[in-house]
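A.B. asks: Below you'll find the structure I mean.
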Ligand SMILES: [Zn+2]
Ligand SMILES: [Zn+2]
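In the working numbering, the protein residues as written are 844 to 1200.
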């Protein structure tokens, strides 16, 4: 029996049409499908620094010069940016239509010098400085009041839109708050106005009480399969402490985030056979007032709660989704959670056997 579920944060319906007995192996085309490119021609590989635009920021433990080898994480402008850094964000009218220049910033965060790195190799150690790069680039881009929001995301595998195999994420600063985030911000603000509580904290507390969609419950973070997940094995990671902005994450909790994010990606890979995925960081928009639009809402700090959404690309978005804005999810979030728990238990047993043997 299928079910219609409503997302408690945005008013979006999802059809959970779980077919009984359906297993992850029933999605054979979900594999990441790497392009198979080699390191020699890869612009993100160590030694090929000259093939990217000059670097913006890097961690260089050995103190090496910019745009040379010896880095751990490297941030460069995208060679083919979706938006350009110069120009004003004044709106022009074209009759009833609105128009503005394509102003923004588009940067690539190269996560490791190693072309073939995968999450099973020292995940937290590699992800921790990457998360630091996210925070610092976000802080730097938000100094520019033209940039209203920064979208931070990672595409993994061709099916998820990655054109290069080399591990990387991207940050795009945009001159308007995107609709998807606006919906969440509006819902959070309304909930806070009614209850003086954070909507996301309420969801997290309820999920922790119910338990059947909690994938990982750690001291500082929780990973859930959302109640109205759009995609099979969709996951969301929330800080347990209320926090509206990724920039506020301290060293201790950055390490904890690197660990839980690495574990989520590892278990997805191990349970589902290396699926393509996208993950997206949802953080607060730029708090600097926009010229000509003073008086940003005052409760943002209390009503919004940053989080990371991980979306494995197991299914394709087709006519029904495009036509309705609903999604059909063939794996219930409860089954997905149970399946991931099974996989974790199997791995724990394997580890025990290895240690014992
Ligand atoms: Zn490479
Ligand atoms: Zn909260």
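Cβ atoms here follow ideal geometry from the backbone N, Cα and C, with glycine treated the same way.
Since the structure is predicted, the reported quantities are computational estimates derived from the model, not experimental observations.
Considering Cα atoms alone, identify which of 908, 947 and 940 is closest to residue 924.
C.D. replies: Closest in C-alpha terms to residue 924, from the list 908, 947 and 940, comes 947.
A.B. asks: Hey, residue 1034 and residue 951 are a contact pair by Cβ (cut 8 Å); roughly how many whole angstroms apart?
C.D. replies: The Cβ separation is near 36 Å, so there is no contact.
A.B. asks: Let me know if residue 940 comes out buried or exposed under the rule of 16 or more other beta-carbons within 10 Å of its beta-carbon.
C.D. replies: exposed
A.B. asks: Indicate the three-state DSSP secondary structure (helix, strand or coil) for residue 1121 in the structure shown.
C.D. replies: strand
A.B. asks: What is the residue span of the alpha helix (DSSP H) that residue 1165 lies within?
C.D. replies: Where residue 1165 is concerned, the enclosing alpha helix (DSSP H) starts and stops at 1162-1167.
A.B. asks: Excluding sequence positions up to five away, which residues of its chain have a Cβ less than 6 Å from the Cβ of residue 1176?
C.D. replies: 1056, 1068 and 1072
A.B. asks: Looking at the secondary structure, which residues open and close the beta strand (DSSP E) in which residue 883 lies?
C.D. replies: For residue 883, there is no enclosing beta strand (DSSP E), as DSSP marks it with neither H nor E.
A.B. asks: Can you tell which of 888, 953, 1194 and 937 has its C-alpha closest to the C-alpha of residue 900?
C.D. replies: 953
A.B. asks: Would you say the segment 1141-1150 touches the segment 999-1015, given that touching needs at least three Cβ pairs under 8 Å?
C.D. replies: Taking a contact to require three or more Cβ pairs closer than 8 Å, the segment 1141-1150 and the segment 999-1015 do not qualify as touching.
A.B. asks: Can you list the beta strand (DSSP E) stretches of 3 or more residues lying completely in the segment 909-976, in chain order?
C.D. replies: 916-920, 935-937, 940-942 and 948-953
A.B. asks: With a threshold of 7 Å, establish whether the CB of residue 1085 neighbours any heavy atom of ligand 2.
C.D. replies: Answer for residue 1085: yes, Cβ within range of ligand 2.
A.B. asks: Look at the Cβ atom of residue 1143, then the Cβ atom of residue 1017, and state whether they are nearer than 8 Å.
C.D. replies: no
A.B. asks: Short of 7 Å in beta carbon distance, which residues of its chain neighbour residue 1105, apart from the five on each side in sequence? Order them along the chain.
C.D. replies: 962, 966, 967 and 970
A.B. asks: What are the boundary residues of the beta strand (DSSP E) that includes residue 1012?
C.D. replies: That run of the beta strand (DSSP E) goes 1011-1017.
A.B. asks: What I want to know is whether the C-beta of residue 1041 ends up closer than 7 Å to one or more non-hydrogen atoms of ligand 2.
C.D. replies: yes
A.B. asks: Tell me, please, whether the segment 1116-1125 touches the segment 984-999 by the rule of three or more beta-carbon pairs shorter than 8 Å.
C.D. replies: yes
A.B. asks: So residue 1183 packs on residue 1058, CB below 8 Å; how close in whole Å?
C.D. replies: 5 Å
A.B. asks: Among 1026, 1064 and 884, which has the Cα closest to the Cα of residue 851?
C.D. replies: 1026
A.B. asks: According to the neighbour-count rule (16 or more other Cβ atoms, all chains shown, within 10 Å of its Cβ), is residue 936 buried or exposed?
C.D. replies: exposed
A.B. asks: What would DSSP say about residue 1094, mapped onto helix, strand or coil?
C.D. replies: helix
A.B. asks: Roughly how far, in whole angstroms, is the beta-carbon of residue 1179 from the beta-carbon of residue 1075, given that I think they are within contact range, below 8 Å?
C.D. replies: Sure, about 6 Å apart at Cβ, within 8 Å.
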